[in-house]
Amino acid sequence: MTSRALLDRGALEGVVVTAIVVMNSEEVEIIRLGALPEPRFRPMPGSRKEAELEEAWEREMELLEEEDETEPSEDLPVESDGQFGGPVDHSFPKTVAAQQWRRTALDLALLAGRLGDRLMIFGIGTVHGGPRTRDPGVRRAEVRARYVLADPIDLDLVRSRLDAQNKRRFDETIAGPMRPMSPKLAKWVTDAVHALAPEVTDALRTSLRAAMDERAATARVRRQAVAVHEAMSSALHIFTPSWHKLEPEEAPSPSEWATALDITAGRASENDVITDDAGVFPGWDRDIYSVRGWWGFRWKDRRLLIKNINVSTVESATGADLVYVRRDPDTFVLVQYKLLERLKDGRLIFRPDGRLGSQVARMRALEGMHDTTAPDDDLITYRLGDGFTFVKFVEPVSARPGRAGELSPGFYVPSEYMRRWLLNPGTGPLGGTIYPVGEDRHLTSETFSRLVRDSWVGSTGDATTRLHEVFGIRDTTRDLVLAVDEPVAEFGS
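With the numbering used here applied, the sequence shown covers 36 to 528.
See below:
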């Protein structure tokens, strides 16, 4: 199995190298020493380089004192990683054949070079694909050295452990153009290196993990940049038709209050998200003040009341965290909230909390009372489906509405679909059970709010009767997030 396959699976056990890259003598010295010697070089007085060399000089003096040596070398110290063996970080551009390396390539490689009169494996690195050049069939890749071996491995010893056919392929790889090895040859070479130097295993795993983390971080930054650009573009189009004539201005400094109280930072709790969603309903105007905790919303001749009274006994009975109730005709929609986690590779996942299965079962039990047997020609009682309970997954860092008057961004999944989904868990990077979210079917917050607003989803029949008993709509001491929608006439104007 190659490191490419391991990257796709998110695993790090049994790592296999994909390529052998032969570095020239200058690259070997840079990787092993951190620099090329330049005895006559003197930096500009007062420059940053001079300060760096002075710090290196002071470090050498301290080392000499520890070793009880009296006279340090009179030459300027060579800027170096100071070790033959251990982590390094040096990058080298390489011109490669586009047909051999994909733009998205991330391959684990053994670094070889001349040490004395022998060709030796002296380090471990990665090969990153890059953009094509103007020349047809040519790509600009990057070889990144990540680890230097304390004891280099003779390449002839590795070759001696291969069979005749793989020896020929090995020689072609070393002498020919830079390219990945075949899966079979890669496995043979990796086994030979492990047999000659077992300590290399940890270095291979560490190097691959670092490369994966860096790629995930770069992808997150890129996605954030695209989102910010899109948001800025939208804002410009909204506020002025002549946005292309605007001159950029420096962003104002945040106020002392905003600096002291950064409410957008940190991880939200489930209750934080429920509180956010209880305070909005898209398309409806909210009253300026709440009354005994109730927020009022108005739309045409309707009024909607929403209140957050936390989770307690009613949550235990229904499995839900938030309930929408419409009146005339009465109907209920229940939602259970769960926070997501983002892995280093950028995936959003839900880790089993020991509760979701039973919560889904309780909501589905209420759906089982859904009475749809009686014929009904009334348009307003028609539902998109029998289900009226959902699970909403929310990413903690974005657990706030994107714009005023919107529900927090999230993934809504019907309970019956969720029951089937929980039967097919995935495996995390360390072997634990996870559930990737967002890769399968789901409803967006905007779609869900429209379904609720226009009564496309909701309970009917026996289920509604039972929920009346459970919630006791006139009993506001129930511990749940409750949203009640009734005609304005019942409350007065």
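By construction, the Cβ of each residue, glycine as well, lies at the ideal position given by its N, Cα and C atoms.
Using a Cβ-Cβ cutoff of less than 6 Å, which residues in the same chain neighbour residue i once the five nearest sequence positions on both sides are dropped?
i: Asn-201; result: Leu-220 and Trp-223
i: Ile-188; result: Ile-156, Leu-231 and Ala-232
i: Phe-544; result: Summary: the structure shown does not reach residue 544, with the chain confined to residues 36 through 528, and so no result is reported for it.
i: Ser-242; result: Ile-159, Arg-181 and Tyr-182
i: Arg-179; result: Ser-126, Gly-160 and Thr-161
i: Glu-62; result: Phe-127
i: Thr-139; result: Gly-164
Note down the Cα distance separating residue i from residue j, rounded to an integer number of angstroms.
i: Ala-246; j: Asp-142; result: 9 Å
i: Val-50; j: Asp-237; result: 10 Å
i: Arg-175; j: Thr-53; result: 18 Å
i: Pro-471; j: Tyr-447; result: 14 Å
i: Lys-84; j: Pro-431; result: 43 Å
i: Gly-461; j: Arg-333; result: 44 Å
i: Pro-212; j: Pro-464; result: 34 Å
i: Ser-325; j: Pro-166; result: 57 Å
i: Leu-401; j: Leu-391; result: 16 Å
i: Leu-184; j: His-163; result: 21 Å
i: Leu-502; j: Gly-381; result: 40 Å
i: Arg-77; j: Ala-70; result: 15 Å
i: Gly-121; j: Pro-215; result: 25 Å
i: Val-57; j: Ala-147; result: 5 Å
i: Asn-459; j: Glu-504; result: 35 Å
i: Ala-210; j: Ser-217; result: 15 Å
i: Val-429; j: Tyr-372; result: 8 Å
i: Ile-344; j: Glu-249; result: In this prediction, Ile-344 scores a pLDDT of 49, lower than 50, which makes its location untrustworthy; the coordinate-derived value is nonetheless stated afterwards. When rounded, the distance between both Cα atoms is 43 Å.
i: Ile-323; j: Glu-350; result: 29 Å
i: Arg-338; j: Thr-310; result: 19 Å
i: Arg-194; j: Trp-136; result: 24 Å
i: Tyr-452; j: Val-426; result: 10 Å
i: Glu-308; j: Gly-473; result: Reading the sequence as shown, one finds Val at residue 308 and not Glu. Each residue's alpha carbon lies about 18 Å from the other.
i: Ala-144; j: Arg-454; result: 44 Å
i: Ile-55; j: Gly-422; result: 57 Å
i: Glu-481; j: Glu-441; result: 8 Å
With 16 as the cutoff for other CB atoms within 10 Å, does residue i come out buried or exposed?
i: Ser-60; result: exposed
i: Asp-312; result: buried
i: Ile-341; result: buried
i: Ile-66; result: buried
i: Leu-296; result: Note on Leu-296: pLDDT 48, under 50, position unreliable in the model; the coordinate value appears next. So Leu-296 counts as exposed.
i: Ala-199; result: exposed
i: Thr-499; result: buried
i: Ala-86; result: exposed
i: Thr-348; result: exposed
i: Ser-304; result: exposed
i: Ser-494; result: buried
i: Gly-466; result: exposed
i: Gly-389; result: exposed
i: Gly-151; result: exposed
The alpha helix (DSSP H) spanning residue i covers which residue range?
i: Trp-223; result: 218-231
i: Trp-456; result: 450-456
i: Ala-313; result: 305-313
i: Ser-484; result: 480-488
i: Val-51; result: Segment: none, Val-51 is in no alpha helix (DSSP H) and carries neither H nor E.
i: Asp-333; result: Sequence inspection shows Arg at residue 333; the Asp mentioned does not correspond to that position. Per DSSP, Arg-333 belongs to no alpha helix (DSSP H); it is in the beta strand (DSSP E), 330-334.
i: Lys-202; result: 199-210
i: Val-395; result: 391-402
i: Arg-67; result: 60-68
i: Leu-502; result: 496-506
Spatial neighbours of residue i within its chain, please: CB distance less than 7 Å, with the 5 preceding and 5 following residues excluded, ordered by chain position.
i: Leu-111; result: Unreliable placement is indicated for Leu-111, whose pLDDT of 41 sits below 50; the coordinate value is still reported in the next sentence. Excluding residues within five positions, the ones whose Cβ falls inside 7 Å are Leu-88.
i: His-229; result: Val-235 and Thr-236
i: Arg-386; result: Glu-376 and Ile-469
i: Thr-366; result: Ser-490, Gly-493, Ser-494, Thr-495 and Thr-499
Mind reading off the beta-carbon distance from residue i to residue j? Whole number of angstroms is fine, and I expect it under 8 Å.
i: Leu-369; j: Thr-353; result: 6 Å
i: Val-358; j: Phe-506; result: 7 Å
i: Ser-450; j: Thr-424; result: 4 Å
i: Arg-361; j: Ser-490; result: 7 Å
i: Arg-355; j: Met-404; result: It is Ala, not Arg, that sits at residue 355 in the sequence shown. Between Met-404 and Ala-355 the Cβ distance is about 15 Å, and since that is not below 8 Å, they are no contact.
i: Gly-318; j: Arg-488; result: 7 Å
Kindly indicate the opening and closing residues of the beta strand (DSSP E) around residue i.
i: Val-57; result: 54-57
i: Glu-177; result: 173-189
i: Ser-126; result: 121-132
i: Ala-147; result: 141-150
i: Met-155; result: 153-163
i: Gln-371; result: 366-374
i: Val-492; result: First-last for Val-492: undefined, no H or E at that position.
i: Phe-76; result: Per DSSP, Phe-76 belongs to no beta strand (DSSP E) and is neither H nor E.
For residue i, which residues from the same chain have a beta carbon less than 8 Å from its beta carbon, with the 5 sequence-adjacent residues on both sides left out?
i: Asp-191; result: Arg-153 and Leu-154
i: Val-173; result: Thr-130, Val-131, Ala-132, Ala-133 and Arg-167
i: Gly-420; result: Pro-449 and Val-492
i: Ser-393; result: Gly-354
i: Asp-124; result: Arg-179, Ala-180 and Arg-181
Beta carbon of residue i: closer than 8 Å to some heavy atom of the ligand MN?
i: Pro-387; result: The ligand content of the structure shown is nil, which means the ligand MN is not present either.
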